[in-house]
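Position 112 (the sequence shown) corresponds to 201 in the numbering used here; numbering is contiguous.
Glycine included, C-beta positions come from ideal geometry on N, C-alpha and C.
Given the structure is predicted, the values throughout are model-derived calculations rather than measurements.
Quick notes on the structure that follows.
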Amino acid sequence: MELTPEVVFALIKSENDFPVDFDIAWRWLGYNKKQQAKQKLVKNFEKDLDFEVFTQTSVNLIDQGLQPCGGRPKEVIKLTVECFKSLAMMAGTLKGKEVRRYFLQCEAELKRRIEEERTQCKQTTQQCLVAAMVSEDVVSRKPKFSEEFYKMLYRKRGQGWETRDPNKFRPACVGTWTNQTVYDRMLGGTEPGGLKDTLNKVNPRRENGTRKDRHHWHLKELGEFHLNTHLYALMAIANTVPDGNWDRFMSKVAQAFPNNEALQLTLWNIFEEMEEIL
Numbered sequence: 090m091e092l093t094p095e096v097v098f099a100l101i102k103s104e105n106d107f108p109v110d111f112d113i114a115w116r117w118l119g120y121n122k123k124q125q126a127k128q129k130l131v132k133n134f135e136k137d138l139d140f141e142v143f144t145q146t147s148v149n150l151i152d153q154g155l156q157p158c159g160g161r162p163k164e165v166i167k168l169t170v171e172c173f174k175s176l177a178m179m180a181g182t183l184k185g186k187e188v189r190r191y192f193l194q195c196e197a198e199l200k201r202r203i204e205e206e207r208t209q210c211k212q213t214t215q216q217c218l219v220a221a222m223v224s225e226d227v228v229s230r231k232p233k234f235s236e237e238f239y240k241m242l243y244r245k246r247g248q249g250w251e252t253r254d255p256n257k258f259r260p261a262c263v264g265t266w267t268n269q270t271v272y273d274r275m276l277g278g279t280e281p282g283g284l285k286d287t288l289n290k291v292n293p294r295r296e297n298g299t300r301k302d303r304h305h306w307h308l309k310e311l312g313e314f315h316l317n318t319h320l321y322a323l324m325a326i327a328n329t330v331p332d333g334n335w336d337r338f339m340s341k342v343a344q345a346f347p348n349n350e351a352l353q354l355t356l357w358n359i360f361e362e363m364e365e366i367l
């Protein structure tokens, strides 16, 4: 069997703890004799941890569920992937060095492929979710941000709700705070194709710098549900932070919603902190 990238990938991804056949491995590593490789294996590695050994009269017969008919037992040795790589380094052969280097290159390539697939899958999932949450047309103009939410923002900023201009319920700073705590942190945030990016496209700024609609007017039922869940989490986080400590509050928001992704700081932990404060 030739050591190809496909073979290496299969060994790395194998669910078997001992996927490497020693009868093939010692030839890959450039040993002249199997016994020479076996001695180095037994001397430097631990049985049942790095490799396993078992005997069978006939591999084919046993695999087929048939009884062996006698004959000399066949010794089978299987290695872990890490054991195989270490054995390659210890082989002291040019082939062993080449195999180890090749194996490491294949591992790096496999890691790159997996990361690429994960990114593509994440982007596809995010796009599907955003499409299910955002409408190009206005869905509902009903208020979705409660007065209690804005009062909380004022308290965390250390600014009195009563001192605000009653004629400006939502001054520019409130819009900034809302972006920082809500839209920048929900489902991809400001990333291309994320929730905020999509809302900015369906509800762009006009020449005078204002928007025709409120962003949340374009949220479908799923989007509204996600928004409500997010606001609920923010209110719970706020209860664990003293008023006037905006930096601490934003630090916890960042901890709960790292890299604009899903909630990581569980509400259970938040409630535990609330109990300590109370």
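- The residues L92 and V188, in chain order, have a CB closer than 6 Å to that of W117 in the same chain once the five nearest residues on each side in sequence are set aside.
- As for any alpha helix (DSSP H) of minimum length 4 sitting wholly inside the stretch 283 to 310, the runs are 284 to 291, ordered along the chain.
- In this structure, the alpha-carbon of K290 lies about 26 Å from that of M339.
- Annotation for E164: the continuous beta strand (DSSP E) segment containing it runs K163 to L168.
- Looking at the DSSP output, D110 sits in a beta bridge with K167.
- Just measuring C-alpha positions, the residue of P162, K285 and T267 sitting nearest V342 is T267.
- Of all alpha-carbon atoms in K102, F234 and P293, the one lying nearest the alpha-carbon of Y321 is that of F234.
- In the three-state reduction of the DSSP assignment, K186 falls in the helix class, which pools H, G and I.
- The C-alpha of H304 is placed about 14 Å away from the C-alpha of R295.
- In the three-state reduction of the DSSP assignment, F98 falls in the helix class, which pools H, G and I.
- For S340, the enclosing alpha helix (DSSP H) starts and ends at W335 to A345.
- If you look at W250, you'll find it isn't in any alpha helix (DSSP H); DSSP assigns it neither H nor E.
- Within its own chain, the residues whose Cβ lies closer than 7 Å to the Cβ of V330, once the five positions on either side in sequence are excluded, are K245, R337, F338 and K341, listed in chain order.
- In this structure, T144 is the residue among I326, T144 and G264 with its C-alpha nearest to the C-alpha of K163.
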